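Numbering (my numbering), first residue to last: 370 to 958.
Heads up, the beta-carbon is just placed ideally off N, CA and C, and yes, glycines get one too.
Predicted model only: the values in this text are computed from it and were never measured.
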Amino acid sequence: MIKLATVFSGIGAIEHALKRMGLSHEIVFACDNGDIDVLSEKILPEIDEVEVEIDVLNNMIKKISTNLESNQDEYTIELANTFLNINKKYKKFIDEIDYKADLIDLSRKTLLNFIEDNYFNENVHKAYTAWIKVYESDNHSSLHKYIESKKSFIKIEADYKRIYGGDFVESDYFKKMAQSNEYTKLVNITEFKQSVKVLREVSDALSMLHEKINTTAVLGDLKNIESFEEKNAYVNKLYEGQEHRNRVRESYMANYNVDPEHFHWNASFLDGRQYHNQVDLFVGGSPCQSFSLVGKQRGLEDTRGTLFYEFARLVKEIQPKVFIYENVKAVLSNDNGNTWETMKEVFDELNYEWHDAVLNAKDYGIPQNRERLFVVGFRKDLAVKEFNFPAPVKLDKVMKDFLVDNVSSKYYLPPKGVNFVTDQKNIDKRYTQIDGDIQLCQKKNQQFNWHGDFIFVEENKDKEKTIQDLEKYFLSEKVKKYVLSTGTKGFYSRPETDLDVARPLLTSMHKMHRAGVDNYVTTEGRLRKLTPRECLRLMGFCDSFKIVVADTSAYQQAGNSIVVDVLIEIMNKVIEYYPNLIRKEKVNV
370 MIKLATVFSG IGAIEHALKR MGLSHEIVFA CDNGDIDVLS EKILPEIDEV EVEIDVLNNM
430 IKKISTNLES NQDEYTIELA NTFLNINKKY KKFIDEIDYK ADLIDLSRKT LLNFIEDNYF
490 NENVHKAYTA WIKVYESDNH SSLHKYIESK KSFIKIEADY KRIYGGDFVE SDYFKKMAQS
550 NEYTKLVNIT EFKQSVKVLR EVSDALSMLH EKINTTAVLG DLKNIESFEE KNAYVNKLYE
610 GQEHRNRVRE SYMANYNVDP EHFHWNASFL DGRQYHNQVD LFVGGSPCQS FSLVGKQRGL
670 EDTRGTLFYE FARLVKEIQP KVFIYENVKA VLSNDNGNTW ETMKEVFDEL NYEWHDAVLN
730 AKDYGIPQNR ERLFVVGFRK DLAVKEFNFP APVKLDKVMK DFLVDNVSSK YYLPPKGVNF
790 VTDQKNIDKR YTQIDGDIQL CQKKNQQFNW HGDFIFVEEN KDKEKTIQDL EKYFLSEKVK
850 KYVLSTGTKG FYSRPETDLD VARPLLTSMH KMHRAGVDNY VTTEGRLRKL TPRECLRLMG
910 FCDSFKIVVA DTSAYQQAGN SIVVDVLIEI MNKVIEYYPN LIRKEKVNV
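This is the structure in structure tokens:
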């Protein structure tokens with residue numbers, strides 16, 4: 370019997386893999402917070418809010434005292450230095466602001482004119498009205514209003530270009546309204562975007578610093594608690610009242626047999642010593658946002674990136690016989706390779722013989738183009754000196770083999786939604802073909818295609834529609850920037866959507882889009898999105914897997930999972946090189 374433990378457990382890919390393999394196993398513990406965040410603060414990229422948070426964090430840092438180990442004192446100093454760097458960046462941003470009160474007046478005038486002329490639809494006008502209220506309020510500083518006026522013009526420019534085409538600041542409408550070249554010169558969209566970007570970077574950094582400070586405080590409290598039971602109770606108290614929001618836990622508990630007391634909330638607060646020498650196989654990863662283009666490649670500097678260290682710490686404390694670590698391929702190139710070099714040093718310090726490889730799901734029986742980095746480690750005392758990852762196998766299934774025969778009408782796009790994906794504004798973009806065999810297109814220079822949102826397009830559709838229709842069906846503009854088209858810019862893609870290999874399933878990490886609406890197929894000539902069951906099938910989950918959450922959560926959970934079939938192939942090789950992993954039950958005579 371394999372004693373199994375997982376962190377960032379998701380919906381249990383390794384658990385399902387062992388079940389499919391018919392291997393007897395016992396789940397020692399699992400850990401996943403289901404994206405429930407009780408430690409960070411959401412700080413909006415707004416001048417007044419950033420000012421307040423800087424004061425709050427400054428006081429928090431001054432008051433920090435911890436009873437952690439001596440090396441943690443250095444971490445406290447690092448927190449202070451991080452704050453100083455953020456504050457320095459913010460002050461530089463403020464000092465470089467060339468405040469012009471006229472820009473606020475121009476923004477207010479422009480917004481009012483748009484509303485009075487009914488230039489856009491009601492939803493757009495509501496956003497414009499909110500800015501006008503900011504300008505008229507006495508509760509906001511002048512600098513706050515000035516930056517908000519820049520944001521308003523960025524939004525106006527985007528709205529105008531989306532609906533009417535062209536640049537708003539070059540339009541006759543704006544020039545007539547401004548009535549002066551001096552006024553029109555006030556608007557520099559490129560400069561405005563850069564200002565907002567810097568402010569957003571500051572607010573994001575402050576939010577992460579909140580999480581680091583709160584984490585440090587919790588770890589200080591846990592250090593003073595002796596029993597594992599009391600430590601676990603302390604952490605559970607932190608998340609009290611959040612249980613119903615953890616949809617990952619709900620799915621996991623419905624499908625696997627694990628003691629609820631051993632399903633943990635947070636890997637950072639999990640003391641692995643309570644499971645020392647009780648685990649044969651330890652499987653996990655760490656969040657991928659920090660190691661992707663979508664996550665801006667902050668890497669190990671991001672609080673999510675530092676969860677890699679928590680995985681490594683748990684390996685050291687638990688001492689499993691074998692560990693499997695998974696992450697996105699992007700970790701190899703992040704920060705010009707420095708992130709991976711750091712991670713390799715950490716793996717080297719664990720006293721394990723470890724091996725790494727990038728594996729693609731389409732090479733192991735699943736028609737999905739999904740590359741992931743895998744690291745397999747064997748404890749050195751086991752003397753497993755050699756290990757080879759599984760060789761690719763011939764793909765004998767195509768995407769349509771995974772589709773459900775009878776699908777609810779709710780998964781079909783309405784006619785206006787079908788028209789949307791054929792919008793000429795969406796089709797007339799720059800694309801590059803990524804794989805001639807797979808026949809998908811992705812946005813030019815978008816390196817990590819598993820984040821891309823491809824929409825299958827039918828030919829010769831009527832492209833006339835109103836913006837109200839578009840926003841009614843796609844308020845988040847989730848498909849506008851990533852469209853699979855027929856013959857776009859000379860690249861040919863089959864108009865039908867029953868492709869042999871699917872594009873990678875959307876995960877919840879892509880902040881631009883909601884989950885579950887970006888994988889489309891045709892059924893009897895009609896466009897529809899993949900169902901949660903079909904997404905699970907494309908991740909290697911059998912239909913015996915119970916779906917107990919709403920579709921949105923199910924899509925996210927499927928997209929975040931490791932592909933089961935890849936794990937099965939890895940496990941076959943692990944057992945080949947270390948057959949003693951499969952424990953035999955003792956028979957009482």
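Can you tell me which of the three DSSP states residue i falls into?
i: Phe743; result: strand
i: Asn696; result: strand
i: Gly403; result: coil
i: Leu683; result: helix
i: Tyr625; result: coil
i: His645; result: coil
i: Phe910; result: coil
i: Gln837; result: Any reading at Gln837 must be qualified, since the residue scores a pLDDT of 33, below 50, and its modelled position is unreliable; the value itself is stated next. In this structure, Gln837 counts as helix in the three-state DSSP scheme.
i: Ile824; result: Any reading at Ile824 needs caution, since the residue's pLDDT is 28, under 50, leaving its predicted position unreliable; the model's value is listed next. Coil, per DSSP.
i: Glu447; result: helix
i: Val773; result: coil
i: Tyr488; result: coil
i: Asp507; result: coil
i: Phe452; result: helix
i: Phe756; result: coil
i: Trp819; result: Any reading at Trp819 needs caution, since the residue's pLDDT is 25, under 50, leaving its predicted position unreliable; the model's value is listed next. Three-state result, Trp819: helix.
i: Leu413; result: coil
i: Ile501; result: helix
i: Lys554; result: coil
i: Val917; result: coil
i: Ser620; result: helix
i: Ser637; result: helix
i: Gln793; result: In this predicted model, Gln793 has a pLDDT of only 44, less than 50, meaning its place in the structure is not dependable; the value taken from the coordinates is given anyway. Looking at Gln793 - three-state DSSP - the assignment turns out to be helix.
i: Leu408; result: coil
i: Ile732; result: Position check: residue 732 holds Asp in this sequence, whereas Ile was assumed. Here Asp732 sits in helix by DSSP.
i: Asn707; result: helix
i: Lys832; result: Any reading at Lys832 must be qualified, since the residue scores a pLDDT of 30, below 50, and its modelled position is unreliable; the value itself is stated next. Lys832 falls in the coil class under three-state DSSP.
i: Asn949; result: helix
Going by DSSP, which residues form a beta bridge with residue i?
i: Ile396; result: Leu373
i: Gly653; result: Tyr694
i: Phe632; result: Ala399
i: Arg748; result: Tyr721
Since residue i and residue j are thought to touch, with beta carbons under 8 Å apart, how far apart are those beta carbons, to the nearest angstrom?
i: Phe771; j: His385; result: So it is not a contact: roughly 16 Å between Cβ atoms.
i: Phe483; j: Tyr497; result: 6 Å
i: Glu695; j: Phe743; result: 6 Å
i: Leu413; j: Ser596; result: 41 Å between Cβ atoms; not a contact.
Along the chain, where does the beta strand (DSSP E) that runs through residue i open and close?
i: Phe722; result: The sequence shown places Glu at residue 722, not Phe. Element bounds for Glu722: 721-729.
What are the boundary residues of the alpha helix (DSSP H) that includes residue i?
i: Phe597; result: 597-607
i: Glu580; result: 558-592
i: Asp471; result: 470-485
i: Ser922; result: 920-929
i: Glu418; result: 416-432
i: Glu465; result: That residue, Glu465, is in no alpha helix (DSSP H); it is neither H nor E in DSSP.
i: Met768; result: It is not in any alpha helix (DSSP H) - Met768 carries neither H nor E in the DSSP assignment.
i: Arg531; result: 511-533
i: His385; result: 382-390
i: Glu938; result: 933-946
i: Phe543; result: 541-547
Using a threshold of 8 Å, state whether the C-beta atoms of residue i and residue j are closer than that.
i: Phe638; j: Met622; result: no
i: Ala927; j: Leu905; result: yes
i: Phe756; j: Tyr946; result: yes
i: Ser476; j: Ser510; result: no
i: Ile939; j: Val745; result: yes
i: Gly354; j: Phe377; result: Here the chain covers residues 370 to 958 and nothing more, so residue 354 does not appear.
i: Val727; j: Arg748; result: no
i: Asp934; j: Gly641; result: no
i: Lys478; j: Met546; result: yes
i: Asn615; j: Ile405; result: yes
i: Val397; j: Tyr644; result: yes
i: Ile523; j: Phe561; result: yes
i: Asn427; j: Trp634; result: no
i: Leu764; j: Lys731; result: yes
i: Leu950; j: Asp725; result: no
i: Ile423; j: Asn456; result: yes
Is residue i near the ligand FMN, going by C-beta to nearest heavy atom under 7 Å?
i: Ser777; result: No copy of the ligand FMN occurs in the structure displayed, which carries no ligand at all.
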